[in-house]
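Participant: Residue numbers (the numbering used here): 791 to 902.
By construction, the Cβ of each residue, glycine as well, lies at the ideal position given by its N, Cα and C atoms.
Bear in mind the structure is a predicted one, so any value in this text is a computation, not a measurement.
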Ligand SMILES: C[S@@+](CC[C@H](N)C(=O)[O-])C[C@H]1O[C@@H](n2cnc3c(N)ncnc32)[C@H](O)[C@@H]1O
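1. Is it true that the CB of residue 828 sits closer than 8 Å to the CB of residue 850?
2. Does the Cβ-Cβ distance between residue 859 and residue 876 come in under 8 Å?
3. Which whole runs of the beta strand (DSSP E) in the stretch 839–874 are 3 residues long or more, in chain order?
4. With distance defined between alpha-carbon atoms, name the residue in 819, 852 and 871 nearest to residue 810.
5. Taking DSSP as the reference, what is the three-state secondary structure of residue 811?
6. Just how far apart, CA to CA, sit residue 861 and residue 822?
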């Protein structure tokens with residue numbers, strides 16, 4: 791039952807990413823997430839001292855959050871059900887010059 795639901799969700803997002811590409815999701819980070827990072831990290835930890843802080847986004851989609859997290863110096867990881875999302879995420883990170891700082895995993899293919 792749970793597997794069937796996950797398959798339905800995956801198909802939904804795969805179709806959406808295939809049809810709309812990067813426009814399927816936001817291009818910029820979630821406002822609340824930015825506030826959280828601002829409050830907890832930006833003003834408290836220098837950018838060059840954030841590399842040891844690991845951030846994992848479950849369901850990272852096309853990385854509209856992760857590019858900012860990565861660009862701000864955190865050790866960033868993303869995981870998504872959708873292969874299309876992972877491809878778009880690479881595109882997004884590459885656009886922001888973050889290609890080599892990003893890794894992503896898909897269910898059943900790897901683990902942290
Ligand atoms: C609404 S999008 C949000 C993407 C991103 N977090 C953002 O804020 O831009 C939800 C994402 O979660 C992924 N997702 C949904 N259920 C998941 C699961 N069980 N495991 C991994 N990814 C999942 C979908 O494939 C989709 O890319």
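Facilitator: Let's see:
1. No.
2. Cβ atoms of residue 859 and residue 876: not closer than 8 Å.
3. With a minimum length of 3 residues, the continuous beta strand (DSSP E) runs that stay inside the stretch 839–874 are 844–848 and 865–869.
4. Ranked by Cα distance from residue 810, the first of 819, 852 and 871 is 852.
5. If DSSP states are grouped into helix, strand and coil, residue 811 belongs with the helices.
6. Cα-Cα distance, rounded: 18 Å.
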